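Q: These protein sequence lines are chains A and B, in that order.
With this note's numbering as the guide, the letters of the first sequence map in order to residues 1 to 282.
With this note's numbering as the guide, the letters of the second sequence map in order to residues 283 to 573.
Cβ atoms here follow ideal geometry from the backbone N, Cα and C, with glycine treated the same way.
As the structure is a computational prediction, the values presented were derived from the model and not from experiment.
Here's a structure for you.
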Amino acid sequence: MVRRRESIYFFLFRFVAYVAVGFLVLVVLLLVKLGADALSLTFLTKPWSHRDIASGGIIQAIAGSFYLGLGIVVVGVPLGVATAIYLVEYSRENVWKRIIELAIQNLASVPSVVYGLFGFAVFVNLLRFGSSLLSAVLVLSMMVMPWVITAAVEALKSVPRRWRESSLALGASRWSTIRRIVLPAAMPGIITGSIIGLARALGETAPIIIVGATFYMNGLPTSVFDKFMTLPYHTFILATQHADPKAPSYAAATAVVLIGLTFCMSVGAMVLRTLYRRRREW
Amino acid sequence: MFRLYRFEKSRYVFTALATVTVVCLAGIFFFLASVGLGAFRQISLREFLFGLVWNPTAYGSVSWGIGALLMGTVLVSVTALVVAVPIGLAVAIYLSELASPRAREFIKPAVEMISSIPSVVLGLLGLLFFAPLIARLFGLTNALNALTAALLVAIAALPTIASICDDALSSVPARYREASLALGASQWETIRKAVLPAAKSGLLAGILLGFARIIGETMIVLMVAGNSVAFPRSLLDPVRPLAANIAIEIKEVVIGSLHWQALFAIGLMLFMLTFILNLLADVLVRKKLKA
Numbered sequence: 001m002v003r004r005r006e007s008i009y010f011f012l013f014r015f016v017a018y019v020a021v022g023f024l025v026l027v028v029l030l031l032v033k034l035g036a037d038a039l040s041l042t043f044l045t046k047p048w049s050h051r052d053i054a055s056g057g058i059i060q061a062i063a064g065s066f067y068l069g070l071g072i073v074v075v076g077v078p079l080g081v082a083t084a085i086y087l088v089e090y091s092r093e094n095v096w097k098r099i100i101e102l103a104i105q106n107l108a109s110v111p112s113v114v115y116g117l118f119g120f121a122v123f124v125n126l127l128r129f130g131s132s133l134l135s136a137v138l139v140l141s142m143m144v145m146p147w148v149i150t151a152a153v154e155a156l157k158s159v160p161r162r163w164r165e166s167s168l169a170l171g172a173s174r175w176s177t178i179r180r181i182v183l184p185a186a187m188p189g190i191i192t193g194s195i196i197g198l199a200r201a202l203g204e205t206a207p208i209i210i211v212g213a214t215f216y217m218n219g220l221p222t223s224v225f226d227k228f229m230t231l232p233y234h235t236f237i238l239a240t241q242h243a244d245p246k247a248p249s250y251a252a253a254t255a256v257v258l259i260g261l262t263f264c265m266s267v268g269a270m271v272l273r274t275l276y277r278r279r280r281e282w
Numbered sequence: 283m284f285r286l287y288r289f290e291k292s293r294y295v296f297t298a299l300a301t302v303t304v305v306c307l308a309g310i311f312f313f314l315a316s317v318g319l320g321a322f323r324q325i326s327l328r329e330f331l332f333g334l335v336w337n338p339t340a341y342g343s344v345s346w347g348i349g350a351l352l353m354g355t356v357l358v359s360v361t362a363l364v365v366a367v368p369i370g371l372a373v374a375i376y377l378s379e380l381a382s383p384r385a386r387e388f389i390k391p392a393v394e395m396i397s398s399i400p401s402v403v404l405g406l407l408g409l410l411f412f413a414p415l416i417a418r419l420f421g422l423t424n425a426l427n428a429l430t431a432a433l434l435v436a437i438a439a440l441p442t443i444a445s446i447c448d449d450a451l452s453s454v455p456a457r458y459r460e461a462s463l464a465l466g467a468s469q470w471e472t473i474r475k476a477v478l479p480a481a482k483s484g485l486l487a488g489i490l491l492g493f494a495r496i497i498g499e500t501m502i503v504l505m506v507a508g509n510s511v512a513f514p515r516s517l518l519d520p521v522r523p524l525a526a527n528i529a530i531e532i533k534e535v536v537i538g539s540l541h542w543q544a545l546f547a548i549g550l551m552l553f554m555l556t557f558i559l560n561l562l563a564d565v566l567v568r569k570k571l572k573a
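Now the structure itself:
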C-alpha cells in the first residue's frame, strides 16, 4: 500500500517534469505553425515595408538586436566580469563585499519595467542621450550585469587555488596572475555565462519600449544616438497595435526568429560548457 | 576569497569597477524615490493606496487611486504563485531526488531554457493561442483576463522556482537520506520527513524569489491581462496590473508632470516589494548556512 502510494507520487513528479519540458517544445511548434505563412527569405532579408507588411522583411530588427547585443558585450559584460574578479580575487570578508553581493542579488530581481523607468529618467532625459541605442544599451547592460557576475564568479571559483599560489610563488604580481593564469582557465565558464545572459537580455521588451525602440525607420541606425528597431519590440507592436489582418502571423514569424536566436545562443553556450567540463584537466 | 597577496594598485581599480553595481542599485532607488515621492505633495497617500479609480487624464476631476491596479497585480501574482509553486517543487523534487543522472542532464537544461523564452513571446502565444483556448473552456467571448495572464506568468516564473528549490534540495547532505532509509523509511517518507524539512528555508527562498519575478513581470500582463482599469470582481475579469500600467502610460505623459511622478511612485512601490522579498530570501539562505 505504502509502496503503491509512493509510486503514484513519483509518477506525478516525473510527469510534471516532463510536462515542463513538453511545454518548451509546444512553444516552438506553435510559433512555427502560427508564423509559417509569413516566414520567407524576403521576410528575413528585406527592410520593413510600412504600406504592405507582406512585401517587407525584418532585417532592420535583426540588425538592431545585433547592435544591442554588441553594445552589451562592450559595456555590460566587462563590468560584470570585473565585478566577479573583485569578488573572487580581491575582496576580503568585510561589509563592503557583503553590500556588493546584496546589490547584485537585488539588481537581479528589479522588475524590467522599473529598469525602463530608470533608463528613461536618467539616460534619456537627465543625460540627454534621448530615445536611442545608447540609452537602451546602458539599461540592458545594467540588467545583464548580475547574470554575468553570477556565472563569472562560479567560473573563477572553480580555478584551483594552488595555481594562483604557484604563480605568486614564482614572483608574479596579483594582476598578472589573474590575467595569465586565472582568467584563461575561467574563460570558458565566463563566456558561456555571458552568452546566456546576452540571450536573455535580447529578449527583454519592457525596458526597450520605454527607452528607445521604434517600429518603423528608414535604413539602419547610423550612430548610437539613433533610434533602432529590435525583434522583441517588433513582435510586440505587430501583436498588439497593428491593424493589418496578417499582423499576427508576422508577429509569430518575428517571434520565431527571436526565439531561434535566443535558443541557439543558450543551447550553444550549454553545449560549450559541457564540452569544456569534459576536457578540463583539473 | 584568496587572501595571500601584497598591496597592489589593481585592487583599487577592481574595487571601483565592482562598486558600479552598488551605484546602479542606489541610483535606481534614488531616482524612483526623488521623482516618485514628489507625487505625494499633491496626492494624499490615502487616495493613492486606497482610491479605486485611476484616471489621471480625466477632464476636470482626475483621480489617482491605484486600488484597482493593485488588485490586478494581486490577483495575477497570487494565482500565478499558486500554480507555479507546486509545479516548481515537483520538478525540483524529481530533479534532485528521483531523476537518473542522464534524465537530470537533459531535463535541468530544458527547464532552464524555459527562462530564455522572452516574455513577449509568451505574451504573443497568450494572445494567439492560450486566450482563445481558455475562452472556449470557460465559454467566454474574450479571455484576455487575470487568469490567462496568471497562467502564463506562472510558466515564466517556473524555472526560477524549480532551479533554486533544486539547489536547496541537492544541498541536503546525503547522510540525512541514508540515516532515514536505514531506519526503514521508504523513499517517499525520506523525502517528505527528512529532505524537505532540512531544505525548508532554501525552498522558501526559492518561492520568494519566484514571487519577486512574478510581481515584476511586465510584457505578459501588458499583452494578455485585458488592460482594464475597472476594479476586477473575479479572476475572469480583465485587469491592468501595476507594471503594465507603467509601460502603457509612461510614453504619453509630460515629463515632470504629476502623472509622471505618480508613475514613478508606482515604480518605487514595485521596487520596494521585490527588494523586501529579496532581503527575506537572503536572510533565509544565510540562516541555513549558519545552521
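Take residue 356 of chain B as the anchor and find which of B/535, B/534, B/529, B/507 has the nearest alpha-carbon.
A: As a first step, residue 356 of chain B must be located in the second sequence, where it is residue number 74. Of the listed residues, the one whose Cα sits closest to residue 356 of chain B is B/507.
Q: Can you say whether residue 479 of chain B is buried or exposed, counting buried as having 16 or more other CB atoms within 10 angstroms of its CB?
A: On the second sequence, residue 479 of chain B is found 197 positions in, with the first residue counted as 1. Residue 479 of chain B comes out exposed.
Q: I believe residue 193 of chain A touches residue 151 of chain A by the beta-carbon criterion, under 8 Å. Please report the beta-carbon distance rounded to the nearest angstrom.
A: For this step, residue 193 of chain A is matched to residue 193 along the first sequence. For this step, residue 151 of chain A is matched to residue 151 along the first sequence. Right, the Cβ-Cβ distance comes to about 2 Å (below 8 Å), so this counts as a contact.
Q: For residue 113 of chain A versus residue 500 of chain B, is the C-beta distance shorter than 8 Å?
A: By one-based count along the first sequence, residue 113 of chain A stands at place 113. By one-based count along the second sequence, residue 500 of chain B stands at place 218. In this structure, residue 500 of chain B lies closer than 8 Å to residue 113 of chain A by Cβ.
Q: For residue 251 of chain A, which residues of its own chain have a beta-carbon under 6 Å away from its beta-carbon, when the five flanking residues on both sides are left out?
A: Within the first sequence, residue 251 of chain A is the residue found at index 251, counting from 1. If we look at residue 251 of chain A and ignore the five residues flanking it on each side, its Cβ neighbours are 235, 238, 239.
Q: Roughly how many angstroms lie between the CA atoms of residue 188 of chain A and residue 106 of chain A, to the nearest whole one?
A: In the first sequence, the residue the question calls residue 188 of chain A occupies position 188. In the first sequence, the residue the question calls residue 106 of chain A occupies position 106. For residue 188 of chain A and residue 106 of chain A, the distance between alpha carbons rounds to 26 Å.
Q: Return the bridge partner residues of residue 94 of chain A from the DSSP annotation.
A: In the first sequence, counting from the first residue as 1, residue 94 of chain A sits at position 94. Beta-bridge pairing links residue 94 of chain A to no other residue.
Q: For residue 228 of chain A, which beta-bridge partners are listed by DSSP?
A: By one-based count along the first sequence, residue 228 of chain A stands at place 228. DSSP lists A/213 as partners of residue 228 of chain A.
Q: Could one say the Cβ of residue 181 of chain A lies closer than 8 Å to chain B's Cβ atoms, at least one of them?
A: Position 181 of the first sequence, counted from the first residue, corresponds to residue 181 of chain A. No, residue 181 of chain A lies away from the interface with chain B (no Cβ there is under 8 Å from its Cβ).
Q: Could you tell me the distance, in whole angstroms, from the CA atom of residue 297 of chain B to the CA atom of residue 118 of chain A?
A: Position 15 of the second sequence, counted from the first residue, corresponds to residue 297 of chain B. Position 118 of the first sequence, counted from the first residue, corresponds to residue 118 of chain A. For residue 297 of chain B and residue 118 of chain A, the distance between alpha carbons rounds to 24 Å.
Q: Taking residue 566 of chain B as the reference, give the member of B/354, B/484, B/451 with the closest Cα.
A: Locating residue 566 of chain B in the second sequence gives position 284, where the first residue counts as 1. Cα-wise, what sits closest to residue 566 of chain B is B/484.
Q: Sorted by chain position, which residues of the same chain lie with C-beta nearer than 6 Å to residue 511 of chain B's C-beta, five sequence neighbours on each side aside?
A: Translated into the one-based positions of the second sequence, residue 511 of chain B becomes position 229. 336, 350, 522, listed in sequence order.
Q: Judging by CA-CA distance, which residue of B/481, B/466, B/531, B/496 is the nearest neighbour of residue 330 of chain A?
A: The structure shown does not extend to residue 330 of chain A, since chain A is modelled only from 1 through 282, so no value can be given for it.
Q: What's the C-alpha gap between residue 542 of chain B and residue 528 of chain B?
A: As a working note, residue 542 of chain B is residue 260 in the second sequence. As a working note, residue 528 of chain B is residue 246 in the second sequence. Distance between the alpha carbons of residue 542 of chain B and residue 528 of chain B is about 10 Å.
Q: By a C-beta neighbour count over all protein chains shown, 10 Å radius and 16 as the cutoff for buried, is residue 569 of chain B buried or exposed?
A: Within the second sequence, the letter at position 287 stands for residue 569 of chain B. Looking at its Cβ environment, which holds fewer than 16 other Cβ atoms inside 10 Å, residue 569 of chain B is exposed.
Q: Can you tell me whether residue 368 of chain B is buried or exposed, with buried defined as 16 or more other CB within 10 angstroms of its CB?
A: In the second sequence, counting from the first residue as 1, residue 368 of chain B sits at position 86. So residue 368 of chain B ends up on the exposed side.
Q: Quick check: what's the CA-CA separation for residue 312 of chain B versus residue 490 of chain B?
A: Numbered from 1 along the second sequence, position 30 holds the residue referred to as residue 312 of chain B. Numbered from 1 along the second sequence, position 208 holds the residue referred to as residue 490 of chain B. C-alpha separation (whole angstroms): 24 Å.
Q: Would you kindly check if the distance between the Cβ of residue 124 of chain A and the Cβ of residue 130 of chain A is under 8 Å?
A: Start at 1 with the first residue of the first sequence, and residue 130 of chain A comes out as number 130. Start at 1 with the first residue of the first sequence, and residue 124 of chain A comes out as number 124. Closer than 8 Å, so yes.
Q: Is it buried or exposed, residue 533 of chain B, if we count other Cβ atoms within 10 angstroms and call 16 or more buried?
A: Residue numbering aside, residue 533 of chain B sits at position 251 when the second sequence is read from its first letter. Looking at its Cβ environment, which holds fewer than 16 other Cβ atoms inside 10 Å, residue 533 of chain B is exposed.
Q: Distance, Cα to Cα, residue 12 of chain A vs residue 467 of chain B?
A: Mapped onto the first sequence, residue 12 of chain A falls at position 12. Mapped onto the second sequence, residue 467 of chain B falls at position 185. So the alpha carbons of these two residues sit roughly 20 Å apart.
Q: Flag residue 400 of chain B as yes if its beta-carbon sits less than 8 Å from any beta-carbon of chain A, otherwise no.
A: Locating residue 400 of chain B in the second sequence gives position 118, where the first residue counts as 1. Residue 400 of chain B counts as touching chain A.
Q: Would a check of beta-carbon distances place residue 248 of chain A closer than 8 Å to chain B?
A: As a working mapping, residue 248 of chain A is identified with position 248 in the first sequence. For residue 248 of chain A, the answer is yes, since a Cβ of chain B falls inside 8 Å of its Cβ.
Q: According to the Cβ coordinates, are residue 141 of chain A and residue 76 of chain A closer than 8 Å?
A: The residue labelled residue 141 of chain A in the question sits at position 141 within the first sequence. The residue labelled residue 76 of chain A in the question sits at position 76 within the first sequence. Result yes, Cβ atoms of residue 141 of chain A and residue 76 of chain A sit closer than 8 Å.
Q: Between the beta-carbon of residue 259 of chain A and the beta-carbon of residue 383 of chain B, is there less than 8 Å?
A: The sequence position of residue 259 of chain A within the first sequence is 259, counting from 1. The sequence position of residue 383 of chain B within the second sequence is 101, counting from 1. Their beta carbons are not under 8 Å apart, which means residue 259 of chain A does not touch residue 383 of chain B by this criterion.
Q: When the cut-off is 8 Å and only beta carbons count, does residue 125 of chain A lie next to chain B?
A: Residue 125 of chain A sits at position 125 when you count from the first residue of the first sequence. Taking Cβ atoms only, chain B reaches closer than 8 Å to residue 125 of chain A, which makes this a yes.
Q: In chain order, what residues of the segment 109-122 of chain A put their CB closer than 9 Å to some CB of chain B?
A: Hits within the stretch, in order: 109, 110, 111, 112, 113, 114, 115, 116, 117, 118, 120, 121, 122.
Q: Could one say the Cβ of residue 105 of chain A lies closer than 8 Å to chain B's Cβ atoms, at least one of them?
A: As a working note, residue 105 of chain A is residue 105 in the first sequence. Closer than 8 Å: yes.
Q: Hey, out of A/96, A/79, A/71, A/199, whose CA is closest to residue 302 of chain B's CA?
A: For this step, residue 302 of chain B is matched to residue 20 along the second sequence. Residue 302 of chain B has its Cα closest to that of A/79, out of A/96, A/79, A/71, A/199.
Q: Between residue 51 of chain A and residue 518 of chain B, what straight-line distance do the alpha-carbon atoms span, to the nearest angstrom?
A: Position 51 of the first sequence, counted from the first residue, corresponds to residue 51 of chain A. Position 236 of the second sequence, counted from the first residue, corresponds to residue 518 of chain B. When rounded, the distance between both Cα atoms is 37 Å.
Q: Buried or exposed, going by whether 16 or more other CB atoms sit within 10 Å of the CB of residue 307 of chain B?
A: Taking the second sequence and counting its residues from 1, the one referred to as residue 307 of chain B is at position 25. With 16 or more other Cβ atoms within 10 Å, it is buried.
Q: Grouping DSSP H, G and I as helix and E and B as strand, with all else coil, what is residue 163 of chain A?
A: Here residue 163 of chain A refers to the residue found at position 163 of the first sequence. Helix at residue 163 of chain A.
Q: List the residues of chain A that residue 447 of chain B touches, going by C-beta distances under 9 Å, in chain order.
A: Numbered from 1 along the second sequence, position 165 holds the residue referred to as residue 447 of chain B. In chain order: nothing, as chain A lies at least about 12 Å away.
Q: Roughly how many angstroms separate the alpha carbons of residue 34 of chain A and residue 554 of chain B, rounded to a whole number?
A: To locate residue 34 of chain A, count along the first sequence from 1; it is residue 34. To locate residue 554 of chain B, count along the second sequence from 1; it is residue 272. Taking the straight line from one Cα to the other gives about 39 Å.
Q: Mind pulling the chain B residues with CB within less than 7 Å of residue 232 of chain A?
A: The sequence position of residue 232 of chain A within the first sequence is 232, counting from 1. Result: 400, 402.
Q: Short of 7 Å in beta carbon distance, which residues of its chain neighbour residue 441 of chain B, apart from the five on each side in sequence? Order them along the chain.
A: Taking the second sequence and counting its residues from 1, the one referred to as residue 441 of chain B is at position 159. Taken in chain order, the residues that qualify are 393, 394, 396, 397.
Q: Which two residues bound the contiguous alpha helix (DSSP H) that contains residue 519 of chain B?
A: Sequence index remark: in the second sequence, residue 519 of chain B carries index 237 (1-based). Segment: none, residue 519 of chain B is in no alpha helix (DSSP H) and carries neither H nor E.
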